[in-house]
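Notes follow the structure.
In UniProt numbering, the protein residues as written are 1 to 1206.
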């Protein structure tokens, strides 16, 4: 079992106690000395005393001085101080008191100061001396105590002047938290991963505790790397199914240990997500890092144990999820993956054969796994199962032999490992490699006639002949010779024999070599039979800063894949063009830094398509929309500035008439010329450009006067018109949308949405789209919006493999699994989906929509549930019966699976019903299957004015979030009930002062906050609480206590008050207070001024002036303040306040003004300089002058002291 490990530092050669005191006297310090001690030392104990002590300060001091030497031995600095102002800063209001500063964080001692033994234990206990997130520094005395009290201790011995020690320490800090649960020694002190792995391997399992160890994500990764046989239970805290499974599995922990299987558990969501685990609890068995998921009953421990033993002893190929596979491919050098179908007989027969070579693969460091996932197979271009793919350092290679002959399969796999061959890939694999590989070389070969890679359509563009195929084979033999050298330079080398893929990149001659750097292709135009020349070119591509040369097809692909592209059209035979390119090479790197892809193209026909007649010309593409540069291309700095401006600013693209023609053809929506709303139209998929072609404007739009926009209106009206659904609607066809437009449609509550995700230039997608057009009108009549989307980012966002049909209701996607070309079946499915969601009487909401309801609705009931809830459907069916009655009572009823929102409220069990009134949650604790009880409860809570009942998680949450919180702790007895009646008399009035009033029946929490015998009343101000010691039966005394400005004061910030609290402050005739009037809306200065005022809050308070803030413009006007922000001083019994007229950003001037206004003859030393000072010296019989400057650190402190004797 895991045991706690304490990791410590011990300085070698340093004396254990450098200073010996002659006598046991606690040192007296001032404010500045104390601040320095706290800053410089990890452990500082401070004894606070004053002239008026609650108990005899001298007597307490005498007791504490008996332990001064002992604290010294433990490295604790013990000092005393008499400074009320500084005491207040640390929350000390009564004397004597003891504060323990541990790593600069103060902890107040709450025990008996006359008991020196308890004080010593408080200061020197291991828990008190532990510093979070760092390895503790100890001396010999502390080490002796730790070794005596702790079973396992790791000590790092070092020298303070040792550089190597410092480097090792930095590494070890990274594993301190994980080492808390591991073994006790170190190996390589500069590699924290190795140290942690070693600690895992040397862990102790001798503990008698039968609990399964809980581990973090980092520890889990270390264990998977280091432990050969590991069982991991992924669970969720406070989940009933998880708790049930854990209770059973604890029974087999020892049996697993006996068989060498280590058993751990984790509730780390990131760890679960990295392995594709979405349901909890889930058991995963790792054998030599290879995962395998258990799909049986986790509450049957015998069945689980039998499965684990079977995994340990058998030679089965492990089954993995797509996330696990991605992780293995990324982390392992050699991975063999069988893509199979569990329900396919051929797959099962192949599996039986391949199980025979699993051990051989293990011996040769080949990880062998299997996966049954059609979408993952499609991503690699695999259309038939079973198929075997071998990955070497992430690069795939498909086996095309007979999978039933396991010996041939093994020989092929071993050959892949031992011999450096260029891997053969499919077009989908090539796309994945281009997306994920920085440097990629691809040899495009000529396929054999009749092969799957050679199609009739492609043969018309790239004729096949035996001579060309033989040349491909000869080239391949030569290129195999440089595969290793490419690896050394970080270049992944693959080959592909697919003519359609070649045509996509504009490749007409085969074989051809293409180099991809960060997805940008470059074609090699040298001799492919000269491998040394090829290698030199590839290495030069990696290290050089040349702008890549591309074909027109490559340019199209680059523009489609990248949002920001700059393309130079040039003539490679023109010297002037080449000179221009030399200049532009200088800004290639800067363009990369700004995310702009820079390429060049030598193609006259492509240039003409863009209306380019003169070369060289630079065209910038943003989201596929071109804009032509009109400046000097030989001034590279001007070019760079223009490109960055195009990317960063809101400019409408300048286009030629040819570009405009193409835009109109290729895009559903094009707006021509207007200003200032370009960004907003982009977001809605509308291309906004300018053109000087008046002929096109006259012929296409009937425009006679220029400049003009078709249907030109005001800027806001134009934007509204352009993005209106009716304007966007295209007659008799399915609308094309981008990701932003799709989100707009989905967020619109009026209709459900169906989206067809597809790739452009995909013939299969075109055929599907032709069928879908037939049912567009039917879906529209049914209230379903039908759109199509070729936006690859949107497809990734909704995790769909294109082509795909997705139905959206309340932002929740459902993917259609049927035949996409059968429009009748699809229409039938869509109508069923529409009817299903229509039958959901209680509305489904989540995320921002739920938060908006909680914020805006006065009365709201939310049914929280999750996918694992077995009886939720039955409960929902009952609750549907009261939805209308709840509406009649003015209560909105919704349901949600947003468990994250629930957990933010402290709710961890599902289902749960929560009532919100004015955003305040109240949890229903009754029987959910009785819908009438739920309805009666909700109506009663709505109509009831009693104090809100809360539970423990809600209390802890409110203490953190509320500025002012009154908590009535009670138990079920007659006294509590009687007191409660008096509390409820003042509940509403307390609310007027901004005080939240709640009650809780929880003896443990009552005890925690000082009420051993409830009832009792606690008042929390920004988390800090005070107890009411008065008469609980006197409601007026309680209200006065709660609303007393002294009690409402927050020590760490200027208090925010409302109008009621302000009136209470004005009533006090003996009270000075300063009010900061501000507004949270459209006031840039308010926040800055507030930050300055926070700096003088304590000083003003010490002078008897309380500082408050209020967001109330109407109230400010009543006191003559018409511009915010403003500071106003209210002076006790004087009727008229004083408004500060100076610089609000100069906190010192404000403080000086406040002090003078409070007491014109106050202890403020007058500031003079120059001639004024000389004149004062001349006329004075005696004068004391204090000279100082602003850069003097001590001057301000000394000045404060001198003010006291002015």
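Glycine is no exception: its CB is placed at the ideal position from the N, C-alpha and C atoms.
Query: Leaving out five residues before and five after residue 271 in sequence, what residues of the same chain have Cβ atoms less than 6 Å from its Cβ?; Result: 217 and 220
Query: Given residue 286, which residues of its chain have a CB within under 6 Å of its CB, disregarding the five upstream and five downstream residues?; Result: 224 and 230
Query: Give a yes or no on whether the C-beta atoms belonging to residue 548 and residue 599 are separated by under 7 Å.; Result: yes
Query: Residue range of the alpha helix (DSSP H) that residue 847 falls in?; Result: 847–856
Query: Measure the beta-carbon distance from residue 597 to residue 625 and round it to whole angstroms, keeping in mind my assumption that it falls under 8 Å.; Result: No, residue 597 and residue 625 are not in contact; Cβ-Cβ is about 15 Å, not under 8 Å.
Query: What is the residue span of the alpha helix (DSSP H) that residue 614 lies within?; Result: First-last for residue 614: undefined, no H or E at that position.
Query: Could you have a look at residue 460 and say whether DSSP puts it in helix, strand or coil?; Result: At residue 460 the pLDDT is 36, less than 50, meaning the model places this residue with poor confidence; the figure from the coordinates comes in the next sentence. In this structure, residue 460 counts as helix in the three-state DSSP scheme.
Query: What first and last residue would you give for the alpha helix (DSSP H) that runs through residue 872?; Result: 872–879
Query: Quick check: residue 30 and residue 95, are their CB atoms within less than 7 Å of each other?; Result: no
Query: Drop a sphere of 10 angstroms on the beta-carbon of residue 996, count the other beta-carbons inside from all chains shown, and report buried for 16 or more, exposed for fewer.; Result: buried
Query: For a quick check, are the C-beta atoms of residue 993 and residue 940 less than 7 Å apart?; Result: no
Query: Would residue 908 and residue 860 be called neighbours here (beta carbons separated by less than 7 Å)?; Result: no
Query: If you run the structure through DSSP and keep just helix, strand and coil, what is residue 256?; Result: helix
Query: Quick check: what's the CA-CA separation for residue 244 versus residue 251?; Result: 12 Å
Query: With 16 as the cutoff for other CB atoms within 10 Å, does residue 459 come out buried or exposed?; Result: Only weak support exists for where residue 459 lies, its pLDDT of 34 falling under 50; the value from the coordinates is given anyway. Label assigned to residue 459: exposed.
Query: In chain order, what are the residue ranges of uninterrupted alpha helix (DSSP H) at least 4 long that sit wholly in the stretch 41–118?; Result: 57–64, 68–73 and 84–89
Query: Does any C-beta atom of chain D lie closer than 7 Å to the C-beta of residue 978?; Result: Note that chain D does not occur in the displayed structure, where there is just one protein chain.
Query: Give the range of the alpha helix (DSSP H) segment to which residue 1047 is assigned.; Result: 1045–1048
Query: Between residue 1099 and the rest of its own chain, which residues show a CB-CB distance below 6 Å, the 5 nearest in sequence each way excluded?; Result: 1151
Query: Take residue 282 and list the residues in its own chain whose beta-carbon comes closer than 7 Å to its own, dropping the five residues that flank it on each side.; Result: 234 and 293
Query: On a Cα-Cα basis, can you pick out the residue from 962, 45, 875 and 918 that is closest to residue 933?; Result: 875
Query: Which runs of the beta strand (DSSP E) at least 3 residues long sit entirely within the stretch 297–368? Give them in chain order.; Result: 334–339
Query: Please report the straight-line C-alpha distance between residue 426 and residue 498, rounded to a whole angstrom.; Result: 8 Å
Query: Give me the Cα-Cα distance between residue 571 and residue 582, rounded to the nearest whole angstrom.; Result: 13 Å
Query: Going by CA-CA distance only, name the one from 123, 370 and 215 that's closest to residue 341.; Result: 370
Query: Confirm, please, whether the CB-CB distance from residue 789 to residue 742 is below 7 Å.; Result: yes
Query: Output the residue ranges of the beta strand (DSSP E) runs that lie fully inside the stretch 1102–1129 and measure 3 residues or longer, sorted by chain position.; Result: 1105–1110
Query: Could you check what DSSP says for residue 1095 in three-state terms: helix, strand or coil?; Result: helix
Query: Could you give the first and the last residue of the continuous beta strand (DSSP E) run that contains residue 913?; Result: 912–917
Query: Throw me the rounded Cβ distance for the residue 1057 and residue 1110 pair, which I believe falls under 8 Å.; Result: 5 Å
Query: Could you tell me if residue 366 is buried or exposed, where buried requires 16 or more neighbouring beta carbons within 10 angstroms of its beta carbon?; Result: buried
Query: Looking at C-beta atoms only, is the number of pairs between the stretch 31–42 and the stretch 51–69 that lie closer than 8 Å three or more?; Result: no
Query: Taking C-alpha atoms, which residue in 773, 752 and 942 lies nearest to residue 736?; Result: 773
Query: How many Å lie between residue 346 and residue 494 at the Cα?; Result: 30 Å
Query: Is it buried or exposed for residue 622, if we count other Cβ within 10 angstroms and need 16 for buried?; Result: buried
Query: Can you give, in chain order, each stretch of the beta strand (DSSP E) that sits fully within the stretch 542–629 and has at least 3 residues?; Result: 564–569, 597–601, 617–622 and 625–628
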